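Written out below as structure tokens is the structure these notes cover.
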Amino acid sequence: MSRTLAEKILLAHTEAEEIQPGDIVMIRCDLVMANDISGSVAFREMERMGVPRVFDPSKVLMVADHFMPAKDAKSAELQRILKTWSKDQGVAFYDQGRGGIEHAVMVEDGWVVPGDVVAGGDSHTCTHGALGAFATGLGSTDVAACLAFGEFWQSVPATIRVEFTGSKQPFVSGKDLILAVIAELGVGGGTNHVLEFVGDGAEALTIDERLAVSNLAVEAGSETGIFPADEVTREYLEGRTDRTWTPERSDPGAPFAREVRIDLDALGPLIAMPHSPGNVASLDDAIGIPIDQAYIGNCSNGTMTDLRQAAQLFEGRTVHERCRAIIVPATAKIYREALAEGLIDTFVEAGAVVSTPTCGACFGGGMGVLAAGEKAIATTNRNFKGRMGSPEAEVHLANSWVAAAAAVAGEIVDPQDVLDAVPA
Amino acid sequence: MTAARAIEGSAIVIDQDDVDTDVLYPGSFLNIPDPDQKKNHLFEGLDPSLRDQLVGDTVLVVGENFGMGSSREHVPQAMKAAGIQCVLGKSFARIFERNCVNLGLMIITAPEAAKAARPGAQIRVDAHAGTVDVDGVSFEARPLPPFMLDMIEAGGLVPWAQRRVAAG
Ligand code: SF4
Numbered sequence: 238m239s240r241t242l243a244e245k246i247l248l249a250h251t252e253a254e255e256i257q258p259g260d261i262v263m264i265r266c267d268l269v270m271a272n273d274i275s276g277s278v279a280f281r282e283m284e285r286m287g288v289p290r291v292f293d294p295s296k297v298l299m300v301a302d303h304f305m306p307a308k309d310a311k312s313a314e315l316q317r318i319l320k321t322w323s324k325d326q327g328v329a330f331y332d333q334g335r336g337g338i339e340h341a342v343m344v345e346d347g348w349v350v351p352g353d354v355v356a357g358g359d360s361h362t363c364t365h366g367a368l369g370a371f372a373t374g375l376g377s378t379d380v381a382a383c384l385a386f387g388e389f390w391q392s393v394p395a396t397i398r399v400e401f402t403g404s405k406q407p408f409v410s411g412k413d414l415i416l417a418v419i420a421e422l423g424v425g426g427g428t429n430h431v432l433e434f435v436g437d438g439a440e441a442l443t444i445d446e447r448l449a450v451s452n453l454a455v456e457a458g459s460e461t462g463i464f465p466a467d468e469v470t471r472e473y474l475e476g477r478t479d480r481t482w483t484p485e486r487s488d489p490g491a492p493f494a495r496e497v498r499i500d501l502d503a504l505g506p507l508i509a510m511p512h513s514p515g516n517v518a519s520l521d522d523a524i525g526i527p528i529d530q531a532y533i534g535n536c537s538n539g540t541m542t543d544l545r546q547a548a549q550l551f552e553g554r555t556v557h558e559r560c561r562a563i564i565v566p567a568t569a570k571i572y573r574e575a576l577a578e579g580l581i582d583t584f585v586e587a588g589a590v591v592s593t594p595t596c597g598a599c600f601g602g603g604m605g606v607l608a609a610g611e612k613a614i615a616t617t618n619r620n621f622k623g624r625m626g627s628p629e630a631e632v633h634l635a636n637s638w639v640a641a642a643a644a645v646a647g648e649i650v651d652p653q654d655v656l657d658a659v660p661a
Numbered sequence: 307m308t309a310a311r312a313i314e315g316s317a318i319v320i321d322q323d324d325v326d327t328d329v330l331y332p333g334s335f336l337n338i339p340d341p342d343q344k345k346n347h348l349f350e351g352l353d354p355s356l357r358d359q360l361v362g363d364t365v366l367v368v369g370e371n372f373g374m375g376s377s378r379e380h381v382p383q384a385m386k387a388a389g390i391q392c393v394l395g396k397s398f399a400r401i402f403e404r405n406c407v408n409l410g411l412m413i414i415t416a417p418e419a420a421k422a423a424r425p426g427a428q429i430r431v432d433a434h435a436g437t438v439d440v441d442g443v444s445f446e447a448r449p450l451p452p453f454m455l456d457m458i459e460a461g462g463l464v465p466w467a468q469r470r471v472a473a474g
């Protein structure tokens with residue numbers, strides 16, 4: 238019987254002998270994660286379930302990243318609970334200054350290998366699909382059950398096959414690939430489905446780029462967005478983990494619910510216009526929109542690849558007087574690497590603010606929220622009304638080149654125009 | 307399983323598709339632990355005046371792909387605390403739907419009923435029969451998988467887990 242990659246992974250993690258899309262089954266997790274927002278609620282619910290200890294401390298990790306560093310006493314309390322509980326349970330805990338944004342840290346530190354099932358108390362847990370895992374976001378009560386029993390209930394999803402063909406054009410990054418997919422599917426088009434990314438265009442992507450693609454799978458409503466593991470994955474994981482894994486892919490003739498093809502030869506940079514990741518326009522259609530703040534970073538686009546792209550634009554130039562720029566490296570390690578490479582210096586010299594790794598303004602938590610009437614460009618994943626501050630602010634989602642170029646020009650522009658106008 | 311009962315309430319209508327959890331409960335209030343305080347921020351980014359309609363037993367009537375975005379359980383927690391008995395919609399985002407089921411909040415997909423319901427309409431949901439009555443007119447609902455219906459009627463995932471612990 239031909240199966241999709243997601244079906245294979247789920248079948249290997251359930252008691253059921255056969256599964257079909259729509260079946261509800263219990264799925265074992267290889268890894269359970271929560272943060273300062275989802276964690277404390279989950280701990281309380283686990284206690285109410287009557288289970289005092291986690292199912293396996295080696296498979297649990299907690300990351301303080303949302304309201305971090307704490308913006309007020311309430312937020313500080315959430316982090317205190319997270320830390321005390323983690324210590325008491327003997328599970329890994331990434332404290333302030335020690336890790337960074339959860340999804341980036343988990344990948345960087347080798348927590349996830351291909352074929353894993355990852356249950357995370359955060360909707361962007363789908364990010365780990367970049368490594369060939371079935372990684373999915375759950376609410377706090379679900380996480381509580383995962384902590385208690387190492388299992389969650391899951392309706393088996395069908396798979397949408399997304400094929401990227403051809404090669405990426407200049408100033409196009411993973412962000413544009415996934416925005417193209419969301420434009421095609423719509424923000425609800427992937428509901429109860431997994432996205433599987435294949436084709437020569439997918440195989441050519443680095444892990445940083447795959448992370449950016451998988452990160453926004455949930456913006457199409459999908460359970461996860463998965464890249465079959467390959468040589469690129471193997472190279473990335475070398476030295477990060479001792480765990481063994483086998484590369485799997487969908488069987489020939491596997492039943493896909495739908496197929497989507499994106500031709501990279503014809504794809505330019507894209508912008509998600511306010512107030513939805515599905516409101517996708519070409520960069521050309523957004524040129525000239527004035528920008529009050531550029532926000533570069535977060536769990537989808539705070540990698541070294543992104544920081545290098547941004548630095549390419551900031552090098553020898555300054556942030557436009559109309560605009561503020563905030564750079565958020567996704568992890569402490571990325572921060573240090575950027576420091577060693579001189580990128581941080583480039584940013585500060587250009588007049589940008591460099592933040593500690595944090596969720597911060599990405600979800601309106603702090604560190605750069607927007608005022609009413611302001612327009613922002615961000616490399617984040619959600620531009621819902623009020624997501625980054627005032628409900629009367631407008632957020633445009635874009636890749637790091639485009640966001641940095643807008644910071645320098647004070648309006649949305651073609652990055653090439655910035656590079657041409659003021660030779661560095 | 308607890309005895310099945312129909313759920314009744316008057317309709318509060320959000321006549322939009324793709325309503326996200328950020329507008330239903332903005333991020334800046336995510337550090338509030340108490341559901342009774344959470345309910346004071348429900349619908350904050352969408353239309354805070356909707357909170358004025360939260361009197362007595364209510365049924366929230368919504369459009370397509372309701373609850374997309376964040377996994378924040380604050381949304382159904384605040385809904386429950388505010389007296390919402392059921393969320394009735396054309397379709398739902400996955401994590402939001404799971405969260406409702408896990409908290410024992412009835413969630414039912416019935417596009418025609420959702421279309422027919424006006425603010426203040428009397429709604430009666432019988433999940434077992436798979437019907438939704440809007441001011442006495444009956445519509446069909448998409449059947450809830452028995453697993454999900456059981457969990458909702460057990461009061462959610464916590465009581466469900468307690469039973470599992472008790473059974474050893
Ligand atoms: S950076 Fe933003 S999207 Fe990513 S986990 Fe944090 S809040 Fe969520």
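Residue numbers (my numbering), protein chains in the order written: chain A, 238 to 661; chain B, 307 to 474.
Virtual Cβ for every residue (Gly too), placed ideally from N, Cα, C.
None of the values given here were measured: they were computed from a predicted structure.
| request: Determine the burial state of A:E252: buried for a count of at least 16 other Cβ atoms within 10 Å of its Cβ, exposed for fewer. | output: exposed
*Is the beta carbon of A:R447 within less than 8 Å of some heavy atom of the ligand SF4?*
no
With a threshold of 16 other CB atoms inside 10 Å of the CB of A:E611, please say whether the residue is buried or exposed. buried
Notebook entry, point to check: What three-state label does DSSP hand A:Q653 in the structure shown?
Noted result: helix
query = Near A:A370, which residues of its chain fall below 6 Å by C-beta distance, leaving aside the five closest residues on each side in sequence?
reply = V349, D353, V355
| Beta-bridge pairing of A:W390 - partner residues as DSSP gives them | A:M263
Using DSSP with H/G/I as helix, E/B as strand and the rest coil, what is A:K622?
coil
### Query
So, is B:G474 buried or exposed, given that buried needs 16 or more other C-beta atoms within 10 angstroms?
exposed
A:V455 and A:G462 - do their beta-carbons sit closer together than 9 Å? yes
Can you give me the C-alpha to C-alpha distance between B:A460 and B:G410, rounded to a whole angstrom? 7 Å
Going by DSSP, which residues form a beta bridge with A:A509?
A:V517, A:L634
What is the DSSP secondary structure of A:I256, reduced to helix, strand or coil? coil
query = Can you tell me the Cα-Cα spacing of B:M307 and B:D456, whole angstroms?
reply = Summary for B:M307: the model assigns pLDDT 42, below 50, so the residue's position carries little reliability; its value from the coordinates is reported in the next sentence. When rounded, the distance between both Cα atoms is 7 Å.
Sub-9 Å separation of A:L448 and A:L414 beta-carbons:
no
If we count the other Cβ atoms within 10 Å of its Cβ and call it buried at 16 or more, is A:S537 buried or exposed? buried
With DSSP run on the structure shown, which of helix, strand or coil describes B:M307? Per-residue confidence for B:M307 stands at a pLDDT of 42, beneath the threshold of 50, marking its modelled position as unreliable; no derived number is given.
**Item:** Alpha-carbon spacing of A:I581 relative to A:V591, whole angstroms
**Value:** 7 Å
Check your understanding: Can you check whether the CB of A:C596 is closer than 9 Å to the CB of A:F280?
Key -> no
Quiz item: Can the beta-carbon of A:E485 be found closer than 9 Å to that of A:I246?
Solution: yes
- Query: Which whole-angstrom value is the C-beta distance of A:G623 and A:G647, which I expect to be below 8 Å?
  - Reply: That belief does not hold up - the Cβ atoms of A:G623 and A:G647 are roughly 24 Å apart, past 8 Å.
Would you call the segment 407 to 424 of chain A in contact with the segment 490 to 502 of chain A, where contact means no fewer than 3 C-beta pairs closer than 8 Å? yes
inquiry  = Per the DSSP calculation, B:I429 is bridged to which residue(s)?
reply    = B:G315, B:V440
| task | Anything in chain B within Cβ reach of A:T378, meaning under 8 Å, just list it in chain order. | result | E379, N405, N408, L409, G462, L463, V464
Member of A:Y473, A:A635, A:L474, A:E440 whose CA lies at the smallest distance from the CA of A:S513: A:A635
query: Do we get a CB-CB distance below 9 Å when we pair A:S404 with the residues of chain B?
result: no
Would you mind stating whether A:P594 and A:A567 have Cβ atoms separated by less than 9 Å?
-> yes
Quiz prompt | Endpoints, beta strand (DSSP E) assigned at B:E459 | solution = No beta strand (DSSP E) holds B:E459; the alpha helix (DSSP H) holding it covers 452 to 460.
Item to complete: Check distances from the C-beta atoms of the segment 314 to 343 of chain B to those of chain A and list, in chain order, the residues that come in under 9 Å.
Response: D323, D324, D326, T327, D328, V329, P332, G333, S334, L336, N337, I338, P339
* **Residue-level contact to chain C via CB, A:W390, 9 Å cutoff** => The displayed structure is made up of protein chains A and B, and chain C is not among them.
#### Entry: A:H365 Cβ short of 8 Å to the ligand SF4 heavy atom set
no
Write down every uninterrupted run of the beta strand (DSSP E) in the segment 559 to 610 of chain A whose length is 3 residues or greater and which is fully enclosed by it, in chain order.
561 to 565
If you reduce the DSSP assignment to three classes, tell me which class A:P351 lands in. coil
Option in A:A307, A:D302, A:K308 with minimal Cα separation from A:A335
Position check: residue 335 of chain A holds Arg in this sequence, whereas Ala was assumed. Checked all of A:A307, A:D302, A:K308; the closest Cα to A:R335 is A:D302.
message: Suppose contacts are defined by Cβ-Cβ distances below 9 Å. Is A:L507 in contact with A:K405 by that definition?
response: no
My output table needs one value for A:L453: the three-state DSSP class, helix, strand or coil. coil
Margin query: Per the DSSP calculation, A:I614 is bridged to which residue(s)?
Written below: A:A531, A:H633
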